[in-house]
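A short write-up of the structure that comes next.
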Amino acid sequence: GEVLKNLNKFYKRKEIQRLGAENGLDARLFHQAFISFRKYIMESSSVSADLHIILNDICCDAGKSHVDDLFPFFLRHAKQIFPMLDCMDDLRKISDLRLPPNWYPDARAIQRKIIFHAGPTNSGKTYHAIQRFLSAKSGIYCGPLKLLAHEIFQKSNNANVPCDLVTGEERVYASEDARQAPHIACTIEMCSTNTPYEVAVIDEIQMIRDPARGWAWTRALLGLCAEEIHVCGEAAAIDLVTELMYTTGEEVEVRNYERLTPLTVLDYALESLDNLRPGDCIVCFSKNDIYSISRQIEARGLECAVIYGSLPPGTKLEQAKKFNDPDDPCKILVATDAIGMGLNLCIRRIIFNSIVKPAINEKGEKEIDSITTSQALQIAGRAGRYGSSFKQGEVTTMHRDDLVQLKEILREPVRPVKAAGLHPTPEQIEMFAYHLPDATLSNLIDIFVSLSQVDGLYFVCNIDDFKFLADMIQHIPLNLRSRYVFCTAPLNRKEPFVCTTLLKFARQFSRNEPLTFDWLCQHTKWPLGAPKNIKELVHLEAVHDVFDLYLWLSYRFMDMFPDAVLVRDIQKKLDDIIQVGVSNITKLIRASQSAAATGTGEVVSEDFPLSRTKRDTRAVSDRHSARSTEALSVAVNVPGERRAKNLKAYRSSTRQEDLKSYGRGSLANRLLREGLLTQEMLRQLESEWQDQHRNGRYGLGSKRDDQTSSKEMGKKKK
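Sequential numbering from 532 applies to the sequence shown in the working numbering.
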């Protein structure tokens, strides 16, 4: 007890905490080191003689020692559990991210001209930048999506300007002899900072603040070796870009653009799908809502196109083409915010099915909140595209309660972009590994982020996905550089099939066994047939992602992933199969619900098929199209007057849903009808309910209450 008391006294000493900080122990590390040190002393059968003597003198109050004398022993112990303390100065230098412009000496060696094309969606800002790109002797276009890079690739070659396409998964040459063209259209992560160009175009510059991908825009802006850098995006990023260029000694010329066609926010909500008109686009923020609404539309005898994020690019283009074709009977589009960029669509009116959306914050946490002004403008701006058959755009909401809030959101100024993202490079991690050879890659990244220093213009991007993959493949023997590449693979960690396949890729790679076309077909069970229900469609989308993953890795390890050409061929065939599935999406929904009703299938959630247990727990919220829960989440997450309005809207919508549901039969009957409950499950629930009443587990109190409940149960049973 005396030892413990003195150890805690040692921990609370400000002088000791200061000494710890001087030796590289911040508050978190100091606490962890102390817990371990205390455990070592209290639980060890013996300690070193010198430590024993110090402890004895302190506890016996001999006047020879003070608790501060424990610090050398504490520091020695801390260095055993945190080896980086021995090389802290070197690690701090490696993780110093305060001067990113200095990472690109080739760009700093030339004087670049920066031109910022600022304006809203459909203002012609990117068009003017691309015209300069096409007239240059050499150029590079950097976009956020494969679809955008592919569009510029086609536009350039159609204008007789030879242009190559470079994405994470492929390189397409303009010339038949595979010579590099002077122009390149690429996804932004793939841009080269070593090749000189006359003109560079960086599209959607506001994404420099993106918590996951912002580093790619920072790298392009600071590192591209081009005489002219044309930056396109929201005016909210002007100040940050100007400040960043001030640190490189480069001036920014700003060119402002206005929207080319008028956009009107309507004074009335749609309220019913019976009020749909040709050219309408309903924007949802979950797959469940897309499935539900598309079925309701087709039940009214209307055809609709469907676009959402996890669809392959080819399928998205095909659905967009179907919707845009004036001779096609499909005149309605149901989509997620995936339409916000990358697709040219002839939309008359944007209808927000909801104005709340799941998002990932800077800490990597998922939260549900109102869409931002930037997101609302990006999506609403798709209506009335310049050059389309609709000379002006309109925007409204599905529900009356949401329209007031949408107008508030659109009136608010777009929040200025405050900081640019950064990400540790493979070279920096390799230097860390040299100093900490026994640390795992996940630990190396953690230590790097905890020690990194950034100034106010930058932030370190979220690394949760990287760490997830690092932990997943940690047990597989790979060299550090290969392990780093696998961990930067672009995949959705919510897709179990894709994650499992990456694990198989890494295992096969570690054995130095090439991943052949036959091996891939065996593990994906190719060839695959057309989907019969939604679950199978979701699986086909996951297989398409696996093929993307193979092609991405083949670009980096050509000898180990040798069959990229064959895989690209079957990926195109799979794209065609998925297109057939999406074209018949309402039939797939009906098949899924029929299978669920008979207990032979599962309802698909927003990301992948759920187990029966998870599905059942979400049935109630899905019944309300996730609207009530989303409204409540928003009400909790936003401050002031808007919170009060959101809570009011939530209560109102809940009452309306309850009133609508009343008189349609019992809840059990509705759940049975919709396939969310089987007869067997109903009998089991009834049995459990009766057992709980007999055992008094709900604590209903009086005997009379129990009798009343029993009578009610008897009526329900009848």
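Using N, Cα and C, we set each Cβ at its ideal position, and we do this for glycine too. Keep in mind it's a predicted model, so treat the numbers as computed, not measured.
Whether residue i touches residue j by CB criterion (7 Å)
| i | j | result |
| --- | --- | --- |
| Thr-724 | Tyr-635 | yes |
| Tyr-917 | Thr-792 | yes |
| Glu-700 | Leu-988 | no |
| Leu-550 | Phe-605 | no |
| Ile-719 | Cys-673 | yes |
| Cys-717 | Ala-680 | yes |
| Phe-1251 | Tyr-1081 | Outside the modelled stretch of the chain, which goes from 532 to 1249, sits residue 1251, for which no answer is possible. |
| Arg-826 | Ile-1120 | yes |
| Leu-982 | Leu-622 | yes |
| Asp-600 | Ile-585 | yes |
| Ala-951 | Ile-760 | no |
| Pro-1062 | Ser-1041 | no |
| Leu-967 | Pro-614 | yes |
| Arg-569 | Leu-538 | yes |
| Tyr-1015 | Pro-957 | yes |
| Ala-747 | Ile-733 | no |
| Pro-857 | Glu-834 | no |
| Val-865 | Ile-910 | no |
| Pro-651 | Gly-871 | no |
| Val-945 | Glu-765 | yes |
Nearest residue (CA-CA) to residue i, options the options
| i | options | result |
| --- | --- | --- |
| Thr-698 | Ser-706, Ala-690 and Pro-675 | Pro-675 |
| Arg-710 | Glu-701, Pro-844, Glu-720 and Cys-694 | Cys-694 |
| Glu-849 | Ser-669, Ala-580 and Val-1113 | Val-1113 |
| Gln-906 | Ser-626, Pro-889, Phe-979 and Phe-921 | Pro-889 |
| Ala-690 | Gly-670, Lys-677, Leu-665 and Leu-678 | Leu-665 |
| Thr-936 | Ala-914, Lys-677, Cys-618 and Leu-797 | The question names Thr, yet the displayed sequence has Gln at residue 936. Comparing Cα-Cα distances from Gln-936 to each of Ala-914, Lys-677, Cys-618 and Leu-797, the minimum goes to Leu-797. |
| Glu-943 | Ile-902, Ala-705 and Lys-570 | Ile-902 |
| Asn-855 | Asn-875, Glu-765, Pro-632 and Cys-590 | Asn-875 |
| Asp-1079 | Glu-1067, Ile-1101, Val-1069 and Leu-1059 | Ile-1101 |
| Glu-1044 | Asp-820, Leu-1216, Asp-1090 and Asn-1064 | Asp-1090 |
| Leu-1097 | Leu-1051, Leu-1059 and Ala-1073 | Leu-1051 |
Interface flag, residue i vs chain B, CB-CB below 7 Å
| i | result |
| --- | --- |
| Asn-1023 | Checking the listed chains, one finds no chain B in this structure; it contains a single protein chain. |
Close beta carbons around residue i, own chain, < 8 Å, minus the five adjacent residues each side
| i | result |
| --- | --- |
| Asp-1076 | Ser-841, Leu-1022, Asn-1023, Glu-1026 and Val-1029 |
| His-1054 | Thr-1032 and Lys-1035 |
| Asp-933 | Ala-800, Phe-883, Ser-885, Ile-886 and Ala-1180 |
| Met-1003 | Cys-1030, Leu-1033 and Leu-1034 |
| Asp-986 | Arg-629 |
| Cys-590 | Glu-533, Val-534 and Asn-537 |
| Arg-790 | Gly-650, Pro-651, Thr-652, Asn-653, Ser-654 and Gly-912 |
| Cys-877 | Gly-810, Phe-854, Asn-855, Arg-916, Ser-919, Ser-920 and Phe-921 |
| Leu-975 | Ile-960, Phe-963, Ala-964 and Leu-967 |
6 Å CB neighbourhood of residue i in its chain, flanking five on each side removed
| i | result |
| --- | --- |
| Glu-758 | Glu-729 |
| Phe-565 | Tyr-542 |
| Val-980 | Val-991 |
| Tyr-658 | none |
| Ile-683 | Tyr-672 and Ala-716 |
| Glu-829 | Thr-1117 |
| Arg-879 | Gly-810 and Phe-921 |
| Leu-678 | Pro-844 and Gly-873 |
| Arg-544 | none |
| Ser-626 | Phe-979, Leu-982 and Ser-983 |
| Gly-754 | Tyr-635, Ala-638 and Thr-724 |
| Leu-771 | Val-948 |
| Arg-1182 | Because Arg-1182 carries a pLDDT of 39, less than 50, the predicted location of this residue cannot be relied on, and the following value inherits that uncertainty. Excluding sequence neighbours, Arg-1182 sits near nothing in its chain. |
| Ala-495 | Absent from the model: residue 495. The displayed extent of the chain is 532 to 1249, so no value can be given. |
Cβ shell of residue i (< 7 Å), same chain only, five flanking positions each side left out
| i | result |
| --- | --- |
| Thr-846 | Asp-1106, Ile-1109, Gln-1110 and Val-1113 |
| Pro-727 | Cys-756 |
| Lys-1249 | With a pLDDT of only 41 at Lys-1249, under 50, the local geometry of the prediction cannot be trusted, and no value is derived from it. |
| Ser-706 | Pro-693 and Ala-712 |
| Val-1165 | Because the pLDDT at Val-1165 is just 35, under 50, the model does not fix this residue reliably, and the value given afterwards should be weighed accordingly. The answer, listed in chain order, is Val-887, Ile-899, Asp-900, Ser-901 and Asn-1177. |
| Cys-618 | His-966 |
Whole-number beta carbon distance between residue j and residue i, since they are thought to touch under 8 Å
| i | j | result |
| --- | --- | --- |
| Ala-800 | Thr-928 | 5 Å |
| Glu-781 | Cys-763 | Not quite, the Cβ-Cβ distance comes to about 17 Å (not below 8 Å), so this is no contact. |
| Leu-1000 | Ala-970 | The pair is not a contact, with the Cβ atoms about 17 Å apart (cut-off 8 Å). |
| Ala-767 | Val-578 | Not quite, the Cβ-Cβ distance comes to about 60 Å (not below 8 Å), so this is no contact. |
| His-714 | Gly-670 | 5 Å |
| Leu-794 | Val-926 | 7 Å |
If you pair each beta-carbon of the stretch 874-884 with each one of the stretch 806-824, do three or more pairs fall below 8 Å? yes
Is it a yes or a no for the stretch 840-856 touching the stretch 774-792, going by three-plus beta-carbon pairs under 8 Å? no
Do the stretch 981-1000 and the stretch 638-647 meet, that is, are 3 or more Cβ pairs less than 8 Å apart? no
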